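Protein sequence lines correspond, in order, to chains A and B. The working numbering numbers the first residue of the first sequence as 1 and each following residue consecutively. The working numbering numbers the first residue of the second sequence as 1 and each following residue consecutively. Beta carbons: idealized from backbone N, C-alpha and C, even for Gly. The structure presented is a predicted model; accordingly, all values stated were derived computationally and were not measured. Heads up: the structure comes next, in structure tokens.
2 protein chains.
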Amino acid sequence: MLTEIFAHKGIIEMNIKMIAQMAGVSVATVSKIINNYSDVGEETRQRVLKIMDETGYKPSSSAKTLATKKSNLIGVVFAGELNSDLNHPFFVKVINSFKKQIGVFGYDLLLFSNENFFSEKEDYLARCRHFQVDGCIIIAGDQVEPSVHQLDQSDIPCIGVDIKLSGKNSAYIMSDNEKISAKVVEHLYLNGYRKIGFLGIERHSEITSLRENAFRETLKTFGLAVNPDWFVYSSDYEEENGYRAVKQLIEKGALPEAMFAVSDLLAFGAIRAMKEHGLRIPGDMALIGCDDIDACRYTDPALSTVKQDTEKIGRLAAMMLYDMVNKQMDPSAIVVEAELVARQSCGKTLP
Amino acid sequence: MLTEIFAHKGIIEMNIKMIAQMAGVSVATVSKIINNYSDVGEETRQRVLKIMDETGYKPSSSAKTLATKKSNLIGVVFAGELNSDLNHPFFVKVINSFKKQIGVFGYDLLLFSNENFFSEKEDYLARCRHFQVDGCIIIAGDQVEPSVHQLDQSDIPCIGVDIKLSGKNSAYIMSDNEKISAKVVEHLYLNGYRKIGFLGIERHSEITSLRENAFRETLKTFGLAVNPDWFVYSSDYEEENGYRAVKQLIEKGALPEAMFAVSDLLAFGAIRAMKEHGLRIPGDMALIGCDDIDACRYTDPALSTVKQDTEKIGRLAAMMLYDMVNKQMDPSAIVVEAELVARQSCGKTLP
DNA sequence: TCGATTAACGAAATCGCTTTCGTAACTTCA
DNA sequence: TGAAGTTACGAAAGCGATTTCGTTAATCGA
Numbered sequence: 001m002l003t004e005i006f007a008h009k010g011i012i013e014m015n016i017k018m019i020a021q022m023a024g025v026s027v028a029t030v031s032k033i034i035n036n037y038s039d040v041g042e043e044t045r046q047r048v049l050k051i052m053d054e055t056g057y058k059p060s061s062s063a064k065t066l067a068t069k070k071s072n073l074i075g076v077v078f079a080g081e082l083n084s085d086l087n088h089p090f091f092v093k094v095i096n097s098f099k100k101q102i103g104v105f106g107y108d109l110l111l112f113s114n115e116n117f118f119s120e121k122e123d124y125l126a127r128c129r130h131f132q133v134d135g136c137i138i139i140a141g142d143q144v145e146p147s148v149h150q151l152d153q154s155d156i157p158c159i160g161v162d163i164k165l166s167g168k169n170s171a172y173i174m175s176d177n178e179k180i181s182a183k184v185v186e187h188l189y190l191n192g193y194r195k196i197g198f199l200g201i202e203r204h205s206e207i208t209s210l211r212e213n214a215f216r217e218t219l220k221t222f223g224l225a226v227n228p229d230w231f232v233y234s235s236d237y238e239e240e241n242g243y244r245a246v247k248q249l250i251e252k253g254a255l256p257e258a259m260f261a262v263s264d265l266l267a268f269g270a271i272r273a274m275k276e277h278g279l280r281i282p283g284d285m286a287l288i289g290c291d292d293i294d295a296c297r298y299t300d301p302a303l304s305t306v307k308q309d310t311e312k313i314g315r316l317a318a319m320m321l322y323d324m325v326n327k328q329m330d331p332s333a334i335v336v337e338a339e340l341v342a343r344q345s346c347g348k349t350l351p
Numbered sequence: 001m002l003t004e005i006f007a008h009k010g011i012i013e014m015n016i017k018m019i020a021q022m023a024g025v026s027v028a029t030v031s032k033i034i035n036n037y038s039d040v041g042e043e044t045r046q047r048v049l050k051i052m053d054e055t056g057y058k059p060s061s062s063a064k065t066l067a068t069k070k071s072n073l074i075g076v077v078f079a080g081e082l083n084s085d086l087n088h089p090f091f092v093k094v095i096n097s098f099k100k101q102i103g104v105f106g107y108d109l110l111l112f113s114n115e116n117f118f119s120e121k122e123d124y125l126a127r128c129r130h131f132q133v134d135g136c137i138i139i140a141g142d143q144v145e146p147s148v149h150q151l152d153q154s155d156i157p158c159i160g161v162d163i164k165l166s167g168k169n170s171a172y173i174m175s176d177n178e179k180i181s182a183k184v185v186e187h188l189y190l191n192g193y194r195k196i197g198f199l200g201i202e203r204h205s206e207i208t209s210l211r212e213n214a215f216r217e218t219l220k221t222f223g224l225a226v227n228p229d230w231f232v233y234s235s236d237y238e239e240e241n242g243y244r245a246v247k248q249l250i251e252k253g254a255l256p257e258a259m260f261a262v263s264d265l266l267a268f269g270a271i272r273a274m275k276e277h278g279l280r281i282p283g284d285m286a287l288i289g290c291d292d293i294d295a296c297r298y299t300d301p302a303l304s305t306v307k308q309d310t311e312k313i314g315r316l317a318a319m320m321l322y323d324m325v326n327k328q329m330d331p332s333a334i335v336v337e338a339e340l341v342a343r344q345s346c347g348k349t350l351p
């Protein structure tokens, strides 16, 4: 057998021409078999398939891409300065779930590295074209760069996570941030808390604005005070700044009965500040965070938080993007419900 | 100006031929300019560069790859069943650091999705060839699949993280796992603990074997008992199993004075078991974990642990792989020092 | 039985870029 | 001044696929 020399699959690099020769057909026929064309005889098909299998042949992606202008690649863009990248657990979970689902559709992921690309940084559109990605997932922290909007407005299908895209080939998906705040306020209210504060971020992103506005609205709905003293802000999402903010609150003697921190890390900082002053959670102040990072379960007290459905967000993002790439769907915006996870830090222990 | 119609860069998809026409030169000349050949006149070079800039032209990656057999892509393989994927913080941190450094070298990352690829799952070598990646980073959990070794033995440069590769184009890098155990034992010894136990993994991976063997050795070196009762094993790295293991230990009344858990999550389980039985850490038993995941700082007590230098591992991996791809270095094995982070859980509080 | 379908296959152009090699024009130098 | 060397550039052949369109040969219908 001619193919016996290929003892180990993949050892010899094959191309379509070699396969064609071995099978005694033209490259056109081989290509047709690869792409499931109908005008190929069954015998021929089987013979060629056998050879492809025995030699471990796989068509070259670049040649295919060059010819078809489809790469079977999805670009991953981490946009925004704060928080994005692979550092934030939320994004990692979303990407992980996205990767699983998009993999089922036969796509692989291209992670753009942020550093010097042709000495021109962050020109996402150019890089998407360079690789001819079939679509893009844009995951955003705060303050996204202009280049992201350029990509959004292009003809490349984009799905945004935690960022509102407006391009005609773009859709986006995010948690129902307004409902998150509403749920938190409601939960605290039901547990008897009436003086409720907010630990947010100074520089508003789309997301945090949604949360804060809804928070204020819900407070009003329940007839609760919106006391400026209880609204404090951090310059980033880090633990340290949560600590500082709450420490000041304590020293000012303006502690509310409960607080909602827009990130778990901020909440951790709050816990530290409270402990340092000998105050107890939820005894002296109840606390609810947001994100449900792993650490929440292990803090003392365990942190109540809002868990975004990262699994669902990633999966939906993959499905929507797939449908958009394959023109089976017009882009639209989707919002997914988040879940309040009540642990110890918001327990009802008021007098 | 001819190029003025391209008001927005990247709107029109350019190719090398159009650039050549606009500049009144041949495609060969343009290509030479792109690739820094010397036989191009300075005037011509400037003129062409200007046009490329104005039109936002970037050469097509697939065409370039097809012509040169270099893709400027690095494949990322998450191997092994346990723990790998983007789920484990250790791997995410390594990849993040790797991505930064390899990006500086001009490479982007290709994340292979694990699910159905040509109905043949996990044929990493085939996929690497398919995309013609220039190199690979293999990050391993336990029990890696055969396909990984096939890749390792191929002609594609591979850098392993936490896995010993043996291919002639492969190198690997990992923490000094033996030293980790030695440091832990030494630290506990110095703080007065004499009865020291081990919380490990049933199914040995390369890594855990290294740690456990060194642990036993060091115990002996310090003249301490290697008591089988104090060596317990979990079937995975999860919190729940750490909990179970230590719970049994407590109920058997065979608690050592201190323990080393090979993962932080296991240690968290241990903490829970201890708390549940009204036992205190480090009062009734000191505890040291491994990994330094974020949550360690927030547990009660804060978990002492061994912090692997993920930043360094990722960066070194990138540099080594780059050198291997560019034939500037023969593959070799590198070991990086880990650091013991002493927090509350191993404090000296023995009588 | 003969013209018309249909089935099965291949030749060749194409995708966008690289790279070798050839050549014309210009320098240099003895 | 003429041979040799430089400089600047282009023609053309790949790279490995896809896809259109044409060509046989076999099958069909009346």
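Using the beta-carbon count (16 or more within 10 Å), is residue i buried or exposed?
i: SER356(A); result: With chain A represented from 1 up to 351, any question about residue 356(A) goes unanswered, as that position is not in the structure.
i: GLU239(B); result: buried
i: LEU190(B); result: exposed
i: SER26(B); result: exposed
i: SER332(A); result: exposed
i: ALA67(A); result: exposed
i: SER119(A); result: Confidence at SER119(A) is low in this model, with a pLDDT of 37, below 50, so the placement of that residue is unreliable and no value is reported for it.
i: ARG280(B); result: exposed
i: GLU212(B); result: buried
i: GLN355(A); result: Chain A is shown only over 1 to 351; residue 355(A) falls outside these bounds and no answer can be derived.
i: VAL335(B); result: exposed
i: LYS183(B); result: buried
i: ALA28(A); result: exposed
i: ASP108(A); result: buried
i: ILE159(A); result: buried
Can you pull the chain A neighbours of residue i, defined as C-beta to C-beta under 8 Å?
i: HIS130(B); result: LYS58, PRO59, SER60, SER61
i: SER71(B); result: SER62
Output, in chain order, the set of chain B residues within a Cβ distance shorter than 7 Å of residue i.
i: PHE268(A); result: TYR298
i: GLU145(A); result: Simply none; closest approach about 15 Å.
i: ASP108(A); result: LEU110, LEU111, PHE112, SER113
Determine the chain B residues that contact residue i at a beta-carbon separation under 9 Å, and present them in chain order.
i: VAL77(A); result: Within chain B, no residue comes near VAL77(A); the closest Cβ sits about 12 Å away, beyond 9 Å.
Report the neighbours of residue i on chain A: residues whose CB is nearer than 7 Å to its CB, in chain order.
i: LYS99(B); result: LEU111, SER113
i: VAL92(B); result: LEU86, VAL92
i: SER170(B); result: Going along chain A, no residue has its Cβ under 7 Å from SER170(B), so there is no contact; the nearest lies around 16 Å.
Compute the Euclidean distance between the alpha carbons of residue i and residue j, then round it to the nearest angstrom.
i: MET1(A); j: PHE231(B); result: Low per-residue confidence applies at MET1(A): pLDDT is 46, beneath 50, and the placement is therefore not dependable, though the value from the model is reported in the following sentence. If I take the Cα positions, the gap works out to 56 Å.
i: LYS17(B); j: PHE131(A); result: 18 Å
i: SER235(A); j: TYR322(B); result: 37 Å
i: ARG203(A); j: SER209(A); result: 9 Å
i: PRO282(A); j: GLU276(A); result: 15 Å
i: ALA338(A); j: ILE313(A); result: 10 Å
i: GLY278(A); j: ARG272(A); result: 10 Å
i: ALA79(B); j: ASP123(B); result: 11 Å
i: PHE112(B); j: LEU73(B); result: 12 Å
i: ILE254(B); j: GLU217(B); result: The sequence shown places Ala at residue 254(B), not Ile. Taking the straight line from one Cα to the other gives about 22 Å.
i: TYR297(A); j: LEU303(A); result: It is Arg, not Tyr, that sits at residue 297(A) in the sequence shown. The straight-line gap from Cα to Cα measures roughly 6 Å.
i: GLY41(A); j: GLU311(B); result: 56 Å
i: HIS187(B); j: PHE215(B); result: 12 Å
i: SER71(B); j: THR65(B); result: 5 Å
i: LYS164(B); j: LEU316(B); result: 16 Å
Just to make sure I have the definition right: I need the residues of chain B whose C-beta is within less than 8 Å of the C-beta of residue i. Which are they?
i: LEU66(A); result: SER60, SER62, ALA63, LEU66
Is the closest heavy atom of the ligand ZN to the C-beta of residue i under 6 Å?
i: ALA28(A); result: In the structure on display, the ligand ZN does not appear, and there are no ligands present to speak of.
_In chain order, what are the residue ranges of uninterrupted beta strand (DSSP E) at least 3 long that sit wholly in the segment 62–106 of chain A?_
Listed in chain order, the complete beta strand (DSSP E) runs (minimum 3 residues) inside the segment 62–106 of chain A are 73–79.
*Name the residues in the segment 311–334 of chain A whose C-beta lies less than 9 Å from a C-beta of chain B; which are they?*
Taking a C-beta cut-off of 9 Å against chain B, none of the residues of the segment 311–334 of chain A qualify.
*Contained beta strand (DSSP E) runs [length at least 3] in the segment 240–294 of chain B, N- to C-terminal order*: Entirely contained in the segment 240–294 of chain B, the beta strand (DSSP E) runs reaching 3 residues are, in chain order, 258–261, 286–290.
*Go through the segment 306–340 of chain B residue by residue and report every complete run of the beta strand (DSSP E) that reaches 3 residues or more, in order.*
List check, beta strand (DSSP E) in window: 333–336.
_For the segment 276–296 of chain A, list every residue whose C-beta sits within 8 Å of some C-beta in chain B, in sequence order._
With the criterion set as a beta carbon lying under 8 Å from some beta carbon of chain B, the members of the segment 276–296 of chain A are ILE293, ASP294, ALA295, in sequence order.
_Counting only Cβ-Cβ distances shorter than 7 Å, please list the residues of the segment 11–30 of chain B near chain A, keeping chain order._
GLU13: these are the residues of the segment 11–30 of chain B whose beta carbon lies less than 7 Å from some beta carbon of chain A, given in chain order.
*Any chance you could list the alpha helix (DSSP H) runs of at least 4 consecutive residues sitting entirely within the segment 164–191 of chain A, in chain order?*
With a minimum length of 4 residues, the continuous alpha helix (DSSP H) runs that stay inside the segment 164–191 of chain A are 177–190.
*Which whole runs of the alpha helix (DSSP H) in the segment 21–61 of chain B are 4 residues long or more, in chain order?*
27–34, 42–55, all fully within the segment 21–61 of chain B.
*asked:* Quick check for students: name the residue ranges of the beta strand (DSSP E) that lie wholly in the segment 122–146 of chain B, counting only runs of 3 or more.
replied: If we require 3 residues or more, the beta strand (DSSP E) runs fully inside the segment 122–146 of chain B come out as 135–140.
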